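Engineer: For any residue, its number in the numbering used here is found by taking its place in the sequence shown, counting from 1, and adding 399. First the structure, which I've put down as structure tokens, then a few questions once you've had a look.
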Amino acid sequence: MFPVPTTIDFLAAVSAAAFLFYGAACVFSRAMVAEFERYRLGRWRLLVGWLEIAGACGLIAGWWWQPLQVAAASGLFALMLCGLWARWRIRDPWYALLPALVLALTNLAIVLSALA
């Protein structure tokens, strides 16, 4: 029998899917080149993309080894805090910050649930 998935498993799956998508976009999409230039972070685009992909893989692998999931979620939380700061710094409207805020809170929930 397989264990019953928990809410945290669901959050980790959604977060992993989002970061795989956004990470791949950062690495491979020409549109993200312009977006990172708009953030004034052009030289960091590839690093951010690969960190997002690595974090997504860590969330998935964390289903078998929880310390890895906690480390990945912590890193993704920090990355989203940086993303919130970058968007705030260029004065993006509040609704443009929502995806980063939701992903930050999702990964914070994953970390806090492991520490509870």
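Beta carbons: idealized from backbone N, C-alpha and C, even for Gly. Bear in mind the structure is a predicted one, so any value in this text is a computation, not a measurement.
1) Taking the alpha helix (DSSP H) that S473 belongs to, which residues open and close that run?
2) With H, G and I counted as helix, E and B as strand and the rest as coil, what does DSSP make of S512?
3) Could you check which residue in A471, L502, A460 and C456 has the C-alpha nearest to that of L419?
4) How far does the alpha helix (DSSP H) with G422 in it reach, from first residue to last?
5) With a CB to CB cut of under 7 Å and the five nearest residues on each side skipped, what residues in its chain are close to M431?
Structural biologist: The relevant details are as follows:
1) In the sequence shown, residue 473 corresponds to position 74, counting from 1. Looking at the DSSP string, the run of the alpha helix (DSSP H) that includes S473 is Q465 to R488.
2) Here residue 512 refers to the residue found at position 113 when the sequence shown is read from its first residue. Residue state, collapsed to three classes: helix.
3) For the purposes of this step, residue 419 is identified with residue 20 of the sequence shown, where counting begins at 1. Minimum Cα distance to L419 is reached at C456.
4) The residue you call residue 422 lines up with position 23 of the sequence shown. G422 -> alpha helix (DSSP H) spans T406 to F427.
5) To locate residue 431, count along the sequence shown from 1; it is residue 32. Correct list, in chain order: A424, C425 and R444.
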